[in-house]
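Okay, so here's the structure we're looking at.
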Amino acid sequence: MSKKLVLYITILVLCASFILAQDKGPQFIAIKGATIIPVVGKDIAEGTILLKDGLIEAVGKNINIPEGAIVFNAKCLFAYPGMIDSLCSLGLQEISSVRGTVDSRETGRINPQVKSVEALRPDSMHIPISRANGITAAIVAPSGGLIAGQSSLIRLAGWTSQEMIIKSPVAMHINLPTIRPRFRRTTTTPQEEASKQIKELKELFNKARFYLKRKQAAKKNMLLSKPEFDEQLEFLLPVVNGELPVMISVHGEKDILDAIKLVKEEKLKAIFFGVSEGWKVADDIKKSGIPVVFSSLYAMPPKWEDGYDSLYRNPAVLQKAGVKIAFSSQSASLAKDLPYHAAKAAAFGLDKKEALKGVTINPAQIFGVDDILGSLEKGKVANIVLADGDILEQGTHIKYVFIDGKETDLFTRYEELLEKYKKKH
Amino acid sequence: MRKKTIGFIVVLSLAVIASFSYGQDLLIKNGTILTVTKGTLPKGDILIIGGFIKQIGKNIEPPEGIKVLDASGKYVIPGIIDSHTHIALTVVNESAVTISSEVKMRDVLNAEDNSIFTALSGGVTMVHTMHGSGNPIGGENIVLKMKWGKTSEEMIVHEAYRTLKFALGENPKQANRFAMTAPRYPQTRMGVNAIIRREFLKAKDYMEQWDRYLKAKKSKKLAKNLIPPRKDLRLEALVDMLRGKMVARCHAYRADETLEFINLSKEFGFKIACFEHASEAFKIAKELAKENIGISIFLDNWAYKVEASEGIAYNAAYCTKNGVLVSINSDSSERIRRLFNDAAKAMKYGDLSKEEALKLVTINPAIQLGVEKIVGSLEIGKHGDIAIFNEHPLSAYTRCDKTIIEGEVYFDRAQYLKEREEMEKKKKEKEKKKVGGKK
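As you go down the protein sequences, you meet chains A and B in turn.
This note's numbering applies: residue 1363 is where the first sequence begins, and numbers increase by one.
This note's numbering applies: residue 84 is where the second sequence begins, and numbers increase by one.
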């Protein structure tokens, strides 16, 4: 045998063993030494989170780190589950005054057929900014009209909208009038307007049920004609079937009670949104079992006589009454501020831990994804935020964000512009 | 007899004036005092006499009969100052004309605007309430203290600079308006600059005419047949700018238009106190620092229009570190109550220290308004304008508990809650009685 051949064979064997070693099994990532705030369960000082295949393999104090695992030293950092924004327009709006960049609101009043995720722009500059502040998932919802359309739950990572979808659709969005309308054109009061619209909704749901009956009957009996295709009714079918939840934006005290009645009578799966006067009927909401997503707390109280802090204390009152609550940014360009809405409620009486739940485990439960999101527990998706302090504090720096077990890029439009002009100065 | 009455009236009116112009006495005890300019005093007292800070220190003996506020476990800071708002006004823009330098916000003050109370509830004691940005040259702004319940006259801060509002970019060129009516000149940034230049050229002419007239009036020969030039209030305001009696506050988002306005100010020799919004200030931090012109900005509110789409959250900290005087403003009757939250974000985006962050809403705006000798920090001799927070004011969990102006408590959360509780009780009793009556 020539020396050359031996060399070739040796190289070949080495290469093969290297390739085999690469394929040896799952890659572990160990986040070591952080103070872990799992949200569900007790905080762990200097603990370890073990990740495997994008999921959380183990969380605890004395976790065995498998050989070959990538170890992430997270000493002096705090580990939180990624936050969930319960309603925003991320990816649907770039610059709010430029129509060409706004896809969050369709014209017309009744649009159950539209799906926000189909307008989602994965390359929106606002998405990485939210992610870099510890938000890893968001409900992207359409707005406007009586029925705004369907929302989706997305992960804040991915090249295409398909890669970003966690669950779609998540809810059908319905808007009842606000207490203090911005532009009053009608002669009716907002409350009269609300009852009128509730009536309208009931009629629509009835029609949809009848439409469904005719469809089913036609399927069974060839002699019966199918109902003529109706776009609105077609897309309301999952709602009247109780498959797709409705997210009802409702604010006034009496409107909330009426909306509860509507949900009961129509046997809907429901989530309330906004609920500015919820504190006045907290027990009724509790009894209904309907969870509440608050609209942005960056707003003035709808009624001056309710006090300057009525929106700020509302979450505490509802939470103490036993209502499941969650927070939302209701924004695209300031969606990153989600944690501060929760903190503001904590400044006005909400327990700090409950505030954190309102941006983590509670939304996961409300949107039916608590088996995979919302806390740092074994088996859940590894959406993890490492920060140098409390993630609800404005002054805290978010150091690392993992989505599906992968470290994400925290370089945003902010840093891009900053770095560019640092060269000048 | 007559003399005596006159004397009595004089004494009485002096007493009335005295009671108006002097604040109250107050002793704040055992708070963590963040002076802003002279460090932090853990567990300290502040003595306010006649509305002025008399003493800051430990264990100050309370003078007899003085009102004492216990601030144990709480944070005591100078009252927050909002360098750019439009609150307490009945109208903001004079949109019928392009140039409206003759209007004064002083003429449209609304002392009953609820926003004054809102401001107090967020620890704000002073605001610069401004003309809108619809006109390249707007009107004269005014500085107010948030003395809720007092007359508008009593709120005016006479020590502050006189400021005139200018506006560049999308707003004065009406870029975001629906074209319902015929477009108004100017429609471009070049037109905006040209129209401001035109007005200053007119003002210069006008000023010279008056100077000539006044000079001629002094000479005995010419004085007899002189006719004074026609008064023009629109130009008078600009003459005040040229004479240095008033300074410019200029709404400008883009870096280029900001630099153009600096050029204009040099062309005519007027002073710019501050740029408003200045979303792109980080692009020209060097130039701003060199000209010693400050900026009054949002911390991170952006992307609501094209010219605001590069207003990054690092702007405040980056400009501060490059020697620009930065203040954080609200420009809103809602954001005004959480300016301290915005200031805290400058620690995340750009690593300002706590002290530097707090300056963004206290001493920095005070300097920009020319009132740093009387407010903006807790120092002996300054006004007793103070906000008390239950947690560190830069914590997201904090809440303003008391707001004090010149020693007088204008916002007291505990008192507010007590009154609300009593009112609710009364309301319930009334309802009970009604129900009982029906039975």
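We put the beta carbon where it would ideally sit given N, CA and C, even for glycine.
Residue i - DSSP class collapsed to helix/strand/coil
| i | result |
| --- | --- |
| A1431/A | coil |
| G222/B | strand |
| H1535/A | strand |
| K1629/A | coil |
| K516/B | helix |
| R267/B | coil |
| L284/B | helix |
| A1707/A | helix |
| Y1354/A | For residue 1354/A there is no data in the structure shown, the boundaries of chain A being 1363 and 1787. |
| M273/B | helix |
| K1740/A | coil |
| A1383/A | Its pLDDT being 48, under 50, A1383/A is placed unreliably by the model, and the measurement read from it follows with that caveat. Helix at A1383/A. |
| I1425/A | coil |
| R1471/A | coil |
| L1599/A | helix |
| S1638/A | coil |
| H475/B | coil |
| K1785/A | coil |
| I1509/A | strand |
| I378/B | strand |
| M430/B | helix |
Residue i at chain A interface by Cβ criterion, 7 Å
| i | result |
| --- | --- |
| N412/B | no |
| N193/B | no |
| N375/B | no |
| A171/B | no |
| V180/B | no |
| F358/B | no |
| E512/B | no |
| S204/B | yes |
| W231/B | no |
| Y158/B | no |
| V529/B | Any question about residue 529/B goes unanswered here, given that chain B covers just 84 to 522. |
| F423/B | no |
| I395/B | yes |
Pair within 7 Å by beta-carbon distance, residue i and residue j
| i | j | result |
| --- | --- | --- |
| K1706/A | L1659/A | yes |
| S1448/A | Q1455/A | no |
| I149/B | I129/B | no |
| F1635/A | V1655/A | yes |
| A243/B | V454/B | yes |
| N375/B | K157/B | no |
| S184/B | R317/B | yes |
| A470/B | T481/B | no |
| E1468/A | V1476/A | yes |
| M1534/A | Q1512/A | yes |
Residue i - partner residues in DSSP beta bridges
| i | result |
| --- | --- |
| S1514/A | V1502/A |
| A1441/A | I1398/A and L1748/A |
| F1572/A | DSSP lists no partner for F1572/A. |
| E491/B | I488/B |
| P161/B | I469/B |
| K1529/A | L1515/A |
| L1413/A | I1391/A and I1418/A |
| D1447/A | A1500/A |
| Q1455/A | V1464/A |
Closer than 7 Å to chain B by CB, residue i
| i | result |
| --- | --- |
| S1466/A | no |
| Y1762/A | no |
| L1700/A | no |
| L1673/A | no |
| S1459/A | yes |
| S1695/A | yes |
| W1641/A | no |
| G1496/A | no |
| F1779/A | Before going further, note that residue 1779/A is Leu rather than Phe in the sequence given. True, the Cβ-Cβ gap to chain B drops below 7 Å. |
| M1445/A | no |
Runs of alpha helix (DSSP H) lying entirely within the segment 381 to 411 of chain B, each at least 4 residues, in chain order: Listed in chain order, they are 398 to 404.
Every unbroken beta strand (DSSP E) within the segment 287 to 364 of chain B, with a cutoff of 3 residues, ordered by chain: Runs found: 330 to 335 and 355 to 360.
Secondary structure, beta strand (DSSP E): runs of 3+ residues fully inside the segment 113 to 154 of chain B: Within the segment 113 to 154 of chain B, the complete beta strand (DSSP E) runs of at least 3 residues are 123 to 132, 135 to 140 and 151 to 153.
Whole alpha helix (DSSP H) elements within the segment 1650 to 1705 of chain A, 4-residue minimum: Qualifying alpha helix (DSSP H) stretches, in chain order: 1672 to 1683.
Contained beta strand (DSSP E) runs [length at least 3] in the segment 182 to 256 of chain B, N- to C-terminal order: Within the segment 182 to 256 of chain B, the beta strand (DSSP E) runs of at least 3 residues that lie entirely inside it are, in chain order, 207 to 212, 220 to 223, 225 to 228 and 246 to 250.
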